[in-house]
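See structure below.
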Amino acid sequence: MGGAYYVGELHHSRAGYGLIADADGGRAVNSDAPEIAISSDVLRKWQRIVDLLANIMHVPSAVVCKIEPPDYTHYTVISSSNSTGNPFPVDQIFSMDIGTFCETVIKSREPLLVANGLENDQWKSAPEMRVGMVSYLGFPVFWPDGRVFGTICVLDNKTNRYSDMYQELLSHCRDVLQGDLQTLARLGSELEEQKAHLSELFARVPEAIVLADRDCRIVRVNPEFTKIFGYTAEEAIGRRLQDLIAPDELQEEVESVMYRMVPTGGVFAVETVRRHKNGMPVPVSLLCVPVSSLGSGDTGYVIYRDMTETKRLQDEQRRYQEIQLELAHANRIATIGQLSASITHELNQPLTGILTNCSTGLRMLTDDSPNLDGAREAIRRTMRDANRASEVILRLRTLYSKREVTAELVDLNETTREVIALSLGELQKGQVIVRTEFADDLPLVIGDRVQLQQVVLNLLLNALDAMIGVNDRPRQLVVKTHRQEGDCVGVSVQDSGVGFEPHTVDKLFEAFYTTKQDGMGMGLSVSRSIIESHHGRLWAVPHDGAGATFSFSIPCRTNTNIQ
Ligand SMILES: Nc1ncnc2c1ncn2[C@@H]1O[C@H](COP(=O)(O)OP(=O)(O)OP(=O)(O)O)[C@@H](O)[C@H]1O
Ligand SMILES: [Mg+2]
């Protein structure tokens with residue numbers, strides 16, 4: 011089929027024709043594969059090839075032509091020898107329906123040799139004749155996938171039969187071109203693949219991504235940008251970031267962030283606020299990624315993470331903690347209120363001591379023969395009692411005060427002892443027999459001392475309440491501290507009170523559950539949340555006989571993250 015175009019002799023075997031050409035030769039000229047650009051490096055190399063060809067073969071013209079997508083209705087000269095008499099400048103365009111030699115090679119996908127077109131009816135009116143190019147040797151050039159790229163050819167202004175050697179030389183140059191196309195196609199498909207990956211990333215990443223130029227103008231946005239800020243890509247592209255999504259008061263900040271990208275060149279992050287299309291503020295965590303290699307005046311990417319949900323959760327968490335603190339405080343005030351008898355007793359003792367010692371001292375000084383040593387001793391005791399009273403007040407003040415949670419090393423033996431001391435008056439009034447069993451080698455725990463005291467106090471007062479109506483047996487309270495498995499330290503409060511039904515155990519810890527007339531039902535619920543914030547556990551067990559035991563345990567190496 012292809013042979014129909016030959017005029018003159020052509021040596022297929024030697025020249026290696028049809029290296030890539032289709033066996034059927036009838037394939038469409040080109041498909042819709044993406045266009046791969048011919049790089050300037052390659053073009054420089056090809057220029058050198060056509061120059062050499064013209065020189066070696068002593069012809070006025072050696073040319074590389076390229077069929078132009080997308081409609082393939084014309085081809086362009088992309089390399090043309092710098093030789094005298096070459097009538098084909100680079101960029102000259104030929105229509106694919108005027109019957110040129112190259113058009114024939116492209117359509118037939120076969121090489122063509124015309125020794126002298128003027129001597130042949132088929133060629134004598136070919137367009138090349140009009141510019142004096144009467145002979146032609148040309149090869150089709152193929153992309154690696156078999157599509158025609160164009161031609162490489164030489165033309166002469168006189169009869170030229172192009173020796174075997176010249177045919178082989180041109181065929182070899184064609185192979186070089188095809189080698190270059192192979193490389194370009196491979197790089198192109200790798201690039202396409204990377205582009206596809208990037209596009210997918212761009213489309214699917216849950217952050218808004220903006221490509222901006224030097225003037226902060228939006229070049230590209232991803233779908234998430236529309237989700238977060240409400241502007242479609244069409245609405246956003248070409249607008250300046252500060253005009254589009256900056257809250258009025260943050261215009262300058264947006265500009266400075268963008269202008270900072272240029273000189274620093276480094277990636278940086280900012281937590282700030284931007285504005286939705288509907289005017290609402292959008293808290294964002296923003297990452298600026300300047301990209302110097304982008305060229306074409308683009309500065310880099312700005313990536314926005316919508317922090318609305320995170321901020322809402324943080325606020326909620328903060329509010330929850332505040333409420334917990336409020337409740338704990340209210341519970342503390344209420345429980346301390348129940349200790350008025352103890353407190354009076356705790357304060358009365360040193361105050362009575364002060365009075366007694368003062369009057370003793372006064373008497374010793376005003377005697378006829380003043381007893382200075384005795385008076386000194388009386389004053390010393392007065393001071394000791396005053397210190398004791400101020401210690402009690404200090405302790406109460408910390409209990410009463412509304413304070414932030416702290417993390418310190420706490421000795422649970424000491425903490426429990428202090429709480430018992432504070433409640434002693436109350437316990438005595440209720441005729442409760444108190445026994446303590448404190449473990450000797452109790453490790454310290456990290457925690458909030460006042461909060462832990464509050465838990466012990468709640469348990470003590472509950473035990474007292476549970477025993478107050480008991481008259482047929484001793485009212486016995488056993489407070490124990492112990493070391494537990496898994497490096498935990500525990501406190502248990504055991505009473506001989508009314509106890510509770512095992513199935514109600516979960517109820518006891520619910521907020522506002524109370525069986526007491528004046529109870530709030532807060533003690534156990536607050537205590538449990540305190541213990542849980544210390545990464546521990548608070549539980550209750552009714553006795554088989556009378557009473558119940560309430561216990562908690564917390565790990566000794568609790569981290570300091572107590573809330
Ligand atoms: N040692 C105990 N023995 C028997 N029942 C108990 C004991 N401790 C608590 N309870 C039961 O659990 C309920 C809830 O206790 P909680 O400490 O939460 O609230 P309250 O003591 O009723 O009121 P508040 O402590 O707020 O003043 C109590 O009303 C009581 O019925
Ligand atoms: Mg209680």
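Numbering (our numbering), first residue to last: 11 to 573.
Backbone N, C-alpha and C fix where the C-beta goes; we use that ideal spot for every residue, glycine too.
Checklist entry - Would you report the Cα separation of Arg140 and Lys134, rounded to the nearest angstrom? => result Those two C-alpha atoms are separated by around 9 angstroms.
Item to check | Within 8 angstroms, strictly: CB atoms of Thr392 and Asn367 | outcome: Yes, the pair counts as a contact, with Cβ atoms nearer than the cut-off.
Next on the checklist: Let's test the definition: count the other Cβ atoms within 10 Å of the Cβ of His513 and tell me whether it reaches 16, buried, or not, exposed.
Outcome noted: Around the C-beta of His513, fewer than 16 other C-beta atoms lie within 10 Å, and the residue is accordingly described as exposed.
Checklist entry - So Ser352 packs on Leu434, CB below 8 angstroms; how close in whole Å? => result With a contact defined as Cβ atoms closer than 8 angstroms, Ser352 and Leu434 qualify at about 6 angstroms.
Next on the checklist: Taking its Cβ as the centre, do 16 or more other Cβ atoms sit within 10 Å of Phe562, making it buried, or is it exposed?
Outcome noted: Buried, by the Cβ-count rule.
Checklist entry - What separation, rounded to the nearest whole angstrom, lies between the Cα atoms of Asp505 and Ser369? => result Distance between the alpha carbons of Asp505 and Ser369: 44 angstroms.
Item to check | Residues whose Cβ lies closer than 5 angstroms to any heavy atom of ligand 2, in chain order | outcome: With 5 angstroms as the limit between CB and the heavy atoms of ligand 2, the residues that fall short of it are Asn472, Gly533.
Item to check | C-beta atoms of Asn96 and Ser90 nearer than 8 angstroms | outcome: Closer than 8 angstroms, so yes.
Checklist entry - Can you list, in chain order, the residues of its chain whose CB lies under 8 angstroms from that of Arg37, leaving out five sequence neighbours each side? => result Residue confidence is low: Arg37 scores 40 on pLDDT, short of 50, so the model does not pin down where it sits. No coordinate-derived value is stated.
Item to check | Nonlocal neighbours in the same chain, by C-beta distance under 8 angstroms from Asp32, ignoring five residues either side | outcome: Reliability of the predicted coordinates at Asp32 is poor, the pLDDT of 36 falling under 50, and the value obtained from them is presented with this limitation in mind. Closer than 8 angstroms at Cβ, skipping near neighbours: Arg119, Gly156.
Checklist entry - How is Lys55 classed by DSSP in three states: helix, strand or coil? => result Helix, per DSSP.
Item to check | Spatial distance of Glu332 from Leu357 (CA atoms) | outcome: Rounded to the nearest angstrom, the two C-alpha atoms are 33 angstroms apart.
Next on the checklist: For Ser266 and Val277, I'd like the C-alpha separation in whole angstroms.
Outcome noted: Rounded to whole angstroms, Ser266 to Val277 spans 14 angstroms at the Cα level.
Checklist entry - Short check: CB of Ile238 to CB of Ala218, under 8 angstroms? => result Contact flag set, yes.
Next on the checklist: Taking contact to mean 3 or more Cβ pairs, one atom from each stretch, closer than 8 angstroms, check whether the stretch 189-196 and the stretch 204-213 are in contact.
Outcome noted: Here the stretch 189-196 makes no contact with the stretch 204-213; the two share fewer than three CB pairs at distances below 8 angstroms.
Checklist entry - Cβ of Asp554 versus every heavy atom of ligand 1: is any distance shorter than 7 angstroms? => result Between ligand 1 and Asp554, a heavy atom-to-CB distance of less than 7 angstroms is absent.
Checklist entry - Assuming Ile228 contacts Val220 under a Cβ cut-off of 8 angstroms, what Cβ separation, rounded to an integer in Å, is found between them? => result Sure, about 6 angstroms apart at Cβ, within 8 angstroms.
Item to check | Distance between beta carbons of Leu452 and Thr491, contact taken as under 8 angstroms | outcome: With a Cβ gap of about 6 angstroms, Thr491 and Leu452 count as contacting.
Next on the checklist: Quick check on Asn126: buried or exposed, where buried means 16 or more other Cβ atoms within 10 Å of its Cβ?
Outcome noted: Buried.
Checklist entry - Measuring CA to CA, which of Phe448, Tyr241, Val283 is closest to Arg260? => result Note on identity: in this sequence residue 260 is Leu, with Arg being the wrong assignment. The alpha carbon of Leu260 has as its nearest neighbour, out of Phe448, Tyr241, Val283, the alpha carbon of Val283.
Checklist entry - Is it the case that the CB of Gly347 approaches a heavy atom of ligand 1 more closely than 7 angstroms? => result Not under cutoff, so the answer is no.
Checklist entry - So, using beta-carbon positions, are Thr86 and Ile59 closer together than 8 angstroms? => result Going by C-beta atoms, Thr86 is not nearer than 8 angstroms to Ile59.
Checklist entry - Got a sec? Which residues, its chain only, sit under 6 angstroms from Val39 by beta carbon, not counting five neighbours each side? => result In this prediction, Val39 has a pLDDT of 48, which is less than 50 and means its spatial position is unreliable; nothing more can be read from the coordinates.
Item to check | For Ser400, the nearest candidate out of Val420, Ile364, Asp516, Arg315 (CA to CA) | outcome: In terms of Cα proximity to Ser400, the closest of Val420, Ile364, Asp516, Arg315 is Ile364.
Checklist entry - When every heavy atom of ligand 1 is checked, does at least one fall within less than 7 angstroms of the C-beta of Arg526? => result Looking at the sequence itself, residue 526 is Lys, so the reference to Arg does not match. In this structure, the C-beta of Lys526 approaches ligand 1 to less than 7 angstroms from one of its heavy atoms.
Item to check | Whole beta strand (DSSP E) elements within the stretch 287-326, 3-residue minimum | outcome: DSSP runs (the beta strand (DSSP E)) wholly in the stretch 287-326: 291-300, 308-316.
Checklist entry - To which residues of the same chain is Glu234 closer than 8 angstroms at the C-beta, ignoring the five residues directly before and after it? => result For Glu234, where only same-chain residues beyond five positions count, the Cβ hits under 8 angstroms are Val215, Pro216, Glu217, Ala218, Ile219.
Checklist entry - Any heavy atom of ligand 1 closer than 7 angstroms to the Cβ of Val480? => result Every heavy atom of ligand 1 is 7 angstroms or more from the Cβ of Val480, so no.
Checklist entry - What is the DSSP secondary structure of Cys368, counted as helix, strand or coil? => result DSSP, reduced to helix, strand and coil, places Cys368 within a helical segment of the structure shown.
Item to check | Span of the beta strand (DSSP E), counted from its first residue to its last, around Ile456 | outcome: Ile456 -> beta strand (DSSP E) spans 455-457.
Next on the checklist: Less than 8 angstroms between the C-beta atoms of Arg224 and Ile255, yes or no?
Outcome noted: No. Outside cutoff.
Checklist entry - Leaving out five residues before and five after Ser535 in sequence, what residues of the same chain have Cβ atoms less than 7 angstroms from its Cβ? => result Within the same chain, Cβ atoms closer than 7 angstroms to the Cβ of Ser535 are found at Phe519, Glu520, Ala521, the five residues on either side in sequence being excluded.
Item to check | Counterpart residues of Ile577 in DSSP-defined beta bridges | outcome: Because the chain is modelled from 11 through 573, residue 577 falls outside the range shown and cannot be assessed.
Checklist entry - Just reading off the beta strand (DSSP E) that Leu122 is part of, what are its end residues? => result Taken as a continuous stretch (DSSP letters only), the beta strand (DSSP E) holding Leu122 covers 122-124.
Checklist entry - Under the DSSP definition of a beta bridge, which residues are partnered with Phe235? => result Looking at the DSSP assignment, Phe235 forms no beta bridge with any residue, so it has no partner.
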